[in-house]
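Novice: Residue numbers (this note's numbering): 9 to 241.
From the three backbone atoms N, C-alpha and C, an ideal C-beta is built for every residue, glycine too.
This one's a predicted model, so the numbers in the text were calculated from it and none came from an experiment.
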Amino acid sequence: GMGLPLPDSKVSEYRYFLARYFVKVAWAWTLWLLLPFITLTTYELARSKFLYGRTKSALLVLRRLGALLVGTAVWYLCTELFIYVENLTGECSLQAKPGQPPRLYASKRECHQDNGVWNGFDISGHCFLLSYCAMMILEEVAVLEALSIDHSSKLRVVINVLFVSLCFLTVIWVFMFLCTALYFHDFSQKLLGVLIGLSAWYGTYRFWYLKPFSPGLPLPNIPLSSKKYSYSR
Numbered sequence: 009g010m011g012l013p014l015p016d017s018k019v020s021e022y023r024y025f026l027a028r029y030f031v032k033v034a035w036a037w038t039l040w041l042l043l044p045f046i047t048l049t050t051y052e053l054a055r056s057k058f059l060y061g062r063t064k065s066a067l068l069v070l071r072r073l074g075a076l077l078v079g080t081a082v083w084y085l086c087t088e089l090f091i092y093v094e095n096l097t098g099e100c101s102l103q104a105k106p107g108q109p110p111r112l113y114a115s116k117r118e119c120h121q122d123n124g125v126w127n128g129f130d131i132s133g134h135c136f137l138l139s140y141c142a143m144m145i146l147e148e149v150a151v152l153e154a155l156s157i158d159h160s161s162k163l164r165v166v167i168n169v170l171f172v173s174l175c176f177l178t179v180i181w182v183f184m185f186l187c188t189a190l191y192f193h194d195f196s197q198k199l200l201g202v203l204i205g206l207s208a209w210y211g212t213y214r215f216w217y218l219k220p221f222s223p224g225l226p227l228p229n230i231p232l233s234s235k236k237y238s239y240s241r
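1) From L177 to L170, what does the alpha carbon distance come to, in whole angstroms?
2) Pull the bridge partners of C100 from the DSSP assignment, please.
3) Quick one: what does DSSP say Y60 is sitting in, helix, strand or coil?
4) Please list the segments of the alpha helix (DSSP H) lying wholly inside the segment 108 to 168, counting only runs of 4 or more residues, in order along the chain.
5) Among the residues of its own chain, which have a CB less than 6 Å from the CB of F90, if the five just before and after it don't count?
6) I think E118 touches P226, with their Cβ atoms under 8 Å apart; what is that distance to the nearest whole Å?
7) Using a Cβ-Cβ cut-off of 7 Å (strictly less than) and excluding sequence neighbours within five positions of N127, which residues of its own chain qualify?
8) Near A142, which residues of its chain fall below 6 Å by C-beta distance, leaving aside the five closest residues on each side in sequence?
9) Could you tell me the alpha carbon to alpha carbon distance between T38 and C175, rounded to whole angstroms?
10) Distance, Cα to Cα, I204 vs G107?
11) Who are the near neighbours of L48 in its chain, counting only those whose CB is closer than 8 Å to its CB and skipping five residues on each side?
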């Protein structure tokens, strides 16, 4: 069923704000935390575990950072697709002004500009992003089990701070997700958002990244199910 009732105009303002900004900001945060995290952990792993030289280690870092490019493409294409579907499936409910013929609206944005309510099928961008990013972060932090960094090193402190920040970010999303789940979208829209997010994760980390021409996995050849989180504090 639908979420809790809120006044219509307030809902559409709040929802529009969240959809436009939160989803964009959420991906930006993920990107800015994963970028240094992947760079440092991959470089350190390549040098200490695989005993690569500097150049080969740097190349491995660049390859792994490809996962963030892929993630950005997935995020962009999916959010554009959701907007397209909503515009395609909706129409504008608006009180026609006396003496004026009813106007046809092509998109949600046009409808909102005239203070109308758009009733398209709105796949939940929050549910999509939350599931996709949470799985991506889980995959990427798994690299910590292979790293053995001296307790007193500055690098370890930096990596720990990034790790805690990534965990904290995931917690914030779960909270945001619960808030939006109460108010917006019906069940099918939320479910579809989550399924698309999980499919994007599965298609990349469980399928494509196992292939040679890909960004590869954080820890080569170790599927998530067999990982034991043994990063000693």
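Specialist: Looking at the atomic coordinates:
1) 10 Å
2) W126
3) coil
4) Counting only runs of 4 or more, we get 116 to 121 and 133 to 149.
5) Apart from sequence neighbours up to five positions away, the residues of its chain that approach F90 with a beta-carbon distance below 6 Å are I131 and G133, ordered along the chain.
6) Not confirmed; about 44 Å, so no contact.
7) G98, E99 and S101
8) T178
9) Their Cα atoms are separated by approximately 11 Å.
10) 45 Å
11) L163, V166, I167 and L170
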